Every structure is written in structure tokens, then in C-alpha cells.
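Quick notes on the structure that follows.
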Amino acid sequence: MTRILLNSRLDDCLSAWRSAGYRVIAPSRSNNLTSFDEVASAADMALDLVLPERTIKDHFFPQTEPLVRYEIKKQQIDTEEMLPPDDKRVFFGVRPCDAAGLDIDDPLFGWDYKDQYWFKRRENSVIVTIACTKADPFCMCTSVNLGPDNPKGSDIMLHPLKDGRGWQMVTLTDRGKALLETVVPMLQEDAAETASLANVPVKFDVEKAMTWLADPANFESHFWKEISQRCIGCGSCTFLCPTCHCFDIQDEGDTYSGIRRKNWDSCSFAMFTMHTSGHNPRNTQSMRWRQRIMHKFNYYRGKFGVNSCSGCGRCTRQCPVDMGITETLQEITNTAK
Amino acid sequence: MGIQEQYRNEAAELLSSGAVKLVIGYGGGSTPDRRRPVFVRSAEEVSRLVLDSYCVANLSAYLISEGLLSDGKNVAVFLKPDGIRSVNILSAEAQVNPDQVVILGFNIEGEQTTPLPGRKAADYAPLMESLRSSGLSPELQREADRLEQMSAVERFDYWKEQFAKCIKCYACRQVCPMCYCRRCIVDVNQPQWINTSSHTLGNFEWNIVRAFHLAGRCVACGGCDRACPVNIPLRLINHRMSKETLDIFGHFPGESADQKPVLATFRQDDPETFIL
Ligand code: SF4
Ligand code: SF4
Ligand code: SF4
Ligand code: SF4
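In order, the protein sequences belong to chains A and B. Residue numbers for the first sequence follow the numbering used here, so the first one is 10 and each next one is one higher. Residue numbers for the second sequence follow the numbering used here, so the first one is 3 and each next one is one higher.
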């Protein structure tokens, strides 16, 4: 016997969550874009999507975020920290890869100091993930040792029922349990069969790729130039990636007062590593692409014990020139470079 | 012989005779309907080239890759009429030497891909004349008309909603053959002239700067629109700017390699209405 949430009771859950002080955020379609937005009812949710174009990262690490307000006076400088609000949030209908992305980024934001802007949001959010029953040709979670029902980063996992009436609900964390408590009357105890999971073929041998990347002899390989020749150096693959987390600090205002902000930045940009002197240590696109791969499948693991990729496939799906992690790691492993 | 085979043969010949050092074309992509840019350097590799109705990208943007043409050697590139116009503009603006560019021209109509005769940009002059009158696709035209009928306030709100989605990934700039500045104004940071923040104001600044810089230069290849990961209908802005320069100055961007850049030229009989 397990707990079942029926489609027909979803709106009741939403009301219960709202009464308990949660905002509900789910995949939705608006303005010709699919992304995670606050929803008023179940009808606003786009749960049929394999994956929204944008990630939930947007709600934890927004593209631009005010950090501190400053004012420079004659004898002193006044500052005021601009921490994010304390509002509690339920993310409903997240996919396992996006949920895993949050978990992958936690150690980064908590490494030498605890980034309050990230963790305040993390602690106030409950991630309700729906296991995937369909995938598209770009999905590659299984290639990075995750999968369509992987619990990493989720507080509750919903397994779609075979008859399509709803989901089997499995709580994974205390935060998930607390959220479930608020909707117990809307659930039923039942023994229902769950639908079969999406079949996501393994596209490359990640262990083999990591071994190749770890060999210093390959750092200067001609391979990097060949594989990245067509890269136009836009930031799409990094900005749409649930785990990419690079940012720049910018002061916006005049000489005496303004706001210091944390803005997304990307290793694909030539400006990313440009020194004040004009010297740029990564002065070609192939060096930048190599950095992206090395960071995800070598450096990040070295520091935090996990690869910085959850296999969502967005980098390939959205690349204007059809590049991406998949092709590069396939080339590395298939041709046993 | 189909067009793909014909052009593979021609590419092989150009490479083996040493007429060009490189052929920039299309290859198969990660799904059946995707094509990706490929760079072919020897006759043995021409089987990688694909040419069909999925080959829509304007590959002329690769011609401005730093240093590509600086050795004086020639490069062949697969181009649709929009790409040929780009080469003309790049020539007129002294970014490429048209003598170094061998054009493997083709056209797509529905499912049909047809070769365009001529190998140098200048050979396509008659084609340019006929393009002048070609407009937007019916679907985009409807959207353009809808915008035209809005009040200024409504239109502002429309774009505000669209630009709110922008994440400043600059894919629109990177994919555009006309965006060749080695250091784009938004990347000039000593001091930072334009906010890097991707909030509504910053996004407006970015998109308006770009629209102005493309006025009378955009060839309507649609590259920016397709590349934009958040689906902002960038084609509509560029189309409006092009219409303006066509109506006021009779300027059709890229019709020849010696066409004067419209916003960098002064004629005594220029109408003095404000460009917007
Ligand atoms: S790989 Fe694709 S999405 Fe990423 S920077 Fe290069 S062109 Fe842009
Ligand atoms: S690197 Fe690509 S596949 Fe991996 S998490 Fe980022 S966008 Fe998804
Ligand atoms: S602005 Fe867009 S449509 Fe115009 S030439 Fe550049 S990429 Fe093509
Ligand atoms: S491609 Fe789209 S999202 Fe990216 S900078 Fe241009 S308008 Fe903004």
C-alpha cells in the first residue's frame, strides 16, 4: 500500500499548500516559452513537457540578483544587504535532472563560505519531482549515472500511475514529509501500478571519458580545436544548464551610490577570462570549450566528488550550432582517443 | 545528379586544385532534422557535406572568424541568397575581401533545394534585384501587421514582455554575420558602458542597441531569431528597421559589394525625417 495523489485532487493540494504559506511553482507555458513559474491552478501547469526550456536554477540563482545597496558619504560608506525573501516554495513537477542540478551545486555555494542567497532559497523550497515516463533524443541522464527516477535533490518523488489517474508519492526527506503532512486528507492509500520509466539510452562511457580528461597529455590535444570549431561562443549552453553557476559581480549606479549585483557569466564568453591588461589566458573558443568540459568532468569532481552535469541535454537541445556535452564525450569515448 | 552530389564534387575539385583552402558547409546533426556547420579541408572529406532543405543557417558568419582570411587564401562557403547579401555587406564594410570567397549558392523553396549559378558575390547581382520585393513569411507578416496596428504604448508593452525573457546569452549577436565587432559595446568594461544585468532595463538597452546597429544591415536570415534560447521574435525588430531604411533611403542591404552603408553615408537629398 502506498500513498496516491490523484490528478483530480491536485488543485486541493495547491490550496492546502497555499494556506500553509507556500508559493507553488511549476513548469508552465507563457509568452512562447516554457519555464518554471508560479501557478494558480493545476490547469496552468505544463506537466506534459519532457523538460521546460529553462531550468529551476532560475529560482535559486537568478540571472541577475541584487546583493547589497551602497552609499558612499563624506566620512563613511553605508551598506545594506539585500537578502532574498523568506517565502516558502513548493516546486511541483520538477524532473530528476533539474532536481539533481541543485544537489550538485550545493557544495559549490557552501564551499568556502555559505552563500546565503542560494541557501536561504534552498532551505525554504520543497522539490516535488515527477519521474520521467518519456524522454527526447537529447536526454542523457543515464550517461552520467543518474536516471529517470533518480532521487538526487528531490524531497518527494512522484511516480506516474500506469492508468494515468495520478501519482504514487514517495517522501525522501524531512522537508518532503512536512509538505506531505499538509495534504494527507487529499491522498489515498492504494495499491496501484506505476507506469514504466522512460527508456534513456546510455550515450557515452563517462568513466572512460573522465580517464581521458584526467590525462594531462590530452590537455593540448588537437581534438579540442576540431570539436569546437563551429562553436560561436554564445552563452546558451551555460545559461540553460541546471548546474552551471558562474557569475560576475557588478556595481550598478553612479560613483556615490548604487547596487552591487551578482550576474550570470559564462566560460563561453571571451570576456570571462580577460585580464585588465588585455591579456586573455583563454583566448580561443577551443580553450573555452575545453574549460567547460574539464570543469564539469574533471575539476568539479576533484573538488566536490561529483560531476557537474545532470544529463538534462539542454546544452545540445538549445545549441544554435548543434554542439553539446553529448557529442564531445561521445567522440572522446567512441574513438578511444 | 542531385544538388548535394553536384556540390560535393565541386567542393572536392576546389580543394584538390588548391583553389580554396577550406569549404564551410553543412553536415548531419544529432537528430534527423538537424544540420550543423562543418569545415572540410580535403577532397577526401567531402562526403561529410549535406545539402537539403534543412540547411537554413547563414554560414557567412564564419567568414569573419579572426584570422581566417588573413593569409590571402580563398575559402568556399555554402550560402543562400541571404548569406550572399551578408558577404556583400561584409565586403562593403571592409571585413572580407570578396575575391577570397567562393560562393556555393543554393536556394530553398519548400522541400526543394536548387543550385544558384555563379561563384562570386558579384555574379548574383540580378538575383539581388529580384529579392528586393520579397517580404516576410505569411505567418511573420501577420505578426508584424498586428504590431503595426498597436498603439505605441501597447507595442512597448509587447516588447517589454518579450525582452523580460532575455538572459543576455548574446547568441543573437554571436550567430549574426553582421555582428563582427571585436569588442561589442556591451563588453566594453573600462568603464562598463552598458549594464551587464539582465533585468528589464538592461535587456531593453541590449536589444535596442543591437537593433540600431543592425538597421540597414540585417539580411533577414533569421539566425538570431532561431538561436535565441528564450524565443524572442527578433526577426520582427530587424524587419521593422529594414523597412524603415528601405522606405526612407531606398536601401536594400547587401545588394552589391560596393553599396555604401546607409547609416554611415550622407546624401544631400536624404529625407530629413527622423529614422524611427
Ligand atoms: S556550444 Fe553551442 S550553445 Fe555553447 S557556446 Fe558554443 S555555440 Fe553556444
Ligand atoms: S552540461 Fe548539458 S546535459 Fe549536463 S546538466 Fe548542463 S545543460 Fe544539462
Ligand atoms: S540581425 Fe539576425 S536576421 Fe539579421 S543578419 Fe543578423 S542574424 Fe541574420
Ligand atoms: S539570443 Fe535572445 S536571450 Fe540571448 S541575448 Fe539575444 S535576445 Fe537575449
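Note that beta-carbon positions come from the ideal geometry of N, C-alpha and C, so glycine has one too. Every value quoted in this text rests on a predicted model; they were computed, and no experiment measured them.
Problem - Interface residues of the region 273-284 of chain A facing chain B [CB-CB below 9 angstroms] - result: Within the region 273-284 of chain A, the qualifying residues are W273, D274, S275, S277, F278, A279, M280, M283.
Practice task
Would you decide whether N209/B is buried or exposed? Buried here means 16 or more other CB atoms lie within 10 Å of its CB.
Solution key: With 16 or more other Cβ atoms within 10 Å, it is buried.
Problem - Given 8 angstroms, three or more beta-carbon pairs between the region 174-184 of chain B and the region 224-243 of chain A - result: Yes, since at least three Cβ pairs between the region 174-184 of chain B and the region 224-243 of chain A fall closer than 8 angstroms, the two stretches touch.
Problem - Per-residue burial, M152/B [other beta carbons within 10 Å of its own, 16 or more giving buried] - result: Label assigned to M152/B: exposed.
Practice task
Indicate the three-state DSSP secondary structure (helix, strand or coil) for N191/B in the structure shown.
Solution key: Annotated three-state conformation of N191/B is strand, per DSSP.
Problem - Through-space distance from G333/A to Y122/A, alpha-carbon basis - result: Between the alpha carbons of Y122/A and G333/A lies a gap of roughly 32 angstroms.
Exercise for the section: Take S200/B and list the residues in its own chain whose beta-carbon comes closer than 7 angstroms to its own, dropping the five residues that flank it on each side. Expected result: When the five nearest sequence neighbours on each side are left out, the beta carbons in the same chain lying within less than 7 angstroms of the beta carbon of S200/B are those of C168, I169, K170, in order along the chain.
Exercise for the section: Determine, using beta-carbon pairs with one atom in the region 122-137 of chain A and one in the region 313-327 of chain A, whether at least three such pairs fall under 8 angstroms. Expected result: Judged by pairs of C-beta atoms under 8 angstroms, the region 122-137 of chain A does not touch the region 313-327 of chain A, as fewer than three such pairs exist.
Problem - Amino acids of chain A, ordered along the chain, whose beta-carbon sits closer than 7 angstroms to that of K167/B - result: The contacting residues are N40, L42.
Practice task
Measure from the C-beta of Q97/B to each C-beta in chain A and report whether the shortest distance is under 7 angstroms.
Solution key: Cβ-Cβ to chain A under 7 angstroms: no for Q97/B.
Problem - Distance cut-off 6 angstroms: G112/B Cβ against heavy atoms of ligand 6 - result: Among the ligands modelled here, namely ligand 1, ligand 2, ligand 3 and ligand 4, ligand 6 does not occur.
Handout entry: Own chain partners of M280/A with C-beta closer than 7 angstroms, once the 5 adjacent residues on each side are dropped
Key = Once the five neighbours on either side are set aside, M280/A has no close Cβ partner at all.
Handout entry: Beta-carbon spacing of V153/A, C318/A below 7 angstroms
Key = Contact: yes.
Handout entry: Residue from S134/A, R299/A, I341/A, R323/A whose Cα sits closest to the Cα of V59/A
Key = Taking only the C-alpha atoms, the option nearest V59/A is R323/A.
Problem - Backbone secondary structure at D114/A - three-state DSSP - result: Three-state DSSP puts D114/A in a helix.
Exercise for the section: Verify whether the separation of the beta carbon atoms of T64/A and P251/A is less than 7 angstroms. Expected result: Between T64/A and P251/A, the CB-CB gap stays under 7 angstroms.
Exercise for the section: At 9 angstroms on the CB atoms, spell out the chain A contacts of V25/B, in chain order. Expected result: Within chain A, no residue comes near V25/B; the closest Cβ sits about 13 angstroms away, beyond 9 angstroms.
Practice task
Taking I81/A and Y265/A to be in contact with their CB atoms under 8 angstroms, please state how far apart those CB atoms are, rounded to whole angstroms.
Solution key: With a Cβ gap of about 5 angstroms, I81/A and Y265/A count as contacting.
Problem - L111/A versus Q259/A: straight-line alpha-carbon distance, rounded - result: Linking L111/A to Q259/A through their CA atoms gives a straight-line distance of about 24 angstroms.
Practice task
Look at G256/B and R87/B and say whether their C-beta atoms are less than 7 angstroms apart.
Solution key: The Cβ atoms of G256/B and R87/B lie closer than 7 angstroms to each other.
Practice task
Kindly indicate if chain A contains any beta-carbon less than 7 angstroms away from that of H201/B.
Solution key: So yes, H201/B belongs to the interface.
Practice task
Compute the Euclidean distance between the alpha carbons of A13/B and A21/B, then round it to the nearest angstrom.
Solution key: Near 10 angstroms, if we compare the C-alpha coordinates of A21/B and A13/B.
Practice task
Indicate whether at least one CB of chain A lies closer than 7 angstroms to the CB of P34/B.
Solution key: So no, P34/B is outside the interface.
Handout entry: chain B residues whose Cβ lies nearer than 7 angstroms to that of S295/A
Key = Those within 7 angstroms of S295/A in chain B number zero; the least Cβ separation is about 12 angstroms.
Practice task
Kindly indicate which three-state DSSP category W233/A falls into: helix, strand or coil?
Solution key: Helix at W233/A.
Problem - Assumed close pair S62/B, G85/B - CB separation to whole angstroms, cut-off 8 angstroms - result: At roughly 4 angstroms, the Cβ-Cβ gap stays under 8 angstroms, so S62/B and G85/B are in contact.
Exercise for the section: Note down the Cα distance separating L14/A from R237/B, rounded to an integer number of angstroms. Expected result: So the two alpha carbons sit approximately 44 angstroms from each other.
Exercise for the section: Would you mind stating whether L53/B and I110/B have Cβ atoms separated by less than 7 angstroms? Expected result: In this structure, I110/B does not lie closer than 7 angstroms to L53/B by Cβ.
Handout entry: V99/A beta carbon less than 7 angstroms from that of E90/A
Key = Cβ distance not < 7 angstroms, so E90/A and V99/A don't count as in contact.
Exercise for the section: Look up S275/A in the DSSP assignment and give the residues it is bridged to. Expected result: None, per the DSSP bridge assignment.
Exercise for the section: Compare the C-beta of M301/A with all C-beta atoms of chain B and state if any pair is closer than 7 angstroms. Expected result: The sequence shown places Arg at residue 301/A, rather than the Met named in the question. So no, R301/A is outside the interface.
Handout entry: DSSP three-state assignment for R239/B, whether helix, strand or coil
Key = The question names Arg, yet the displayed sequence has Ile at residue 239/B. In this structure, I239/B counts as helix in the three-state DSSP scheme.
Handout entry: Three-way DSSP call (helix, strand, coil) for W120/A in this model
Key = When DSSP states are grouped into helix, strand and coil, W120/A belongs to the coil group.
Problem - Segment contact flag, the region 272-291 of chain A with the region 200-216 of chain A, C-beta cutoff 8 angstroms, min 3 pairs - result: Contact fails: fewer than three Cβ-Cβ distances are below 8 angstroms.
Exercise for the section: Identify every run of the beta strand (DSSP E) within the region 143-220 of chain A, keeping only runs that are complete inside it and at least 3 residues long; order them along the chain. Expected result: Listed in chain order, they are 165-169, 175-180, 197-199.
Practice task
State yes or no: is the C-beta of S32/B within less than 7 angstroms of the C-beta of D331/A?
Solution key: Yes, Cβ-Cβ distance for S32/B and D331/A is below 7 angstroms.
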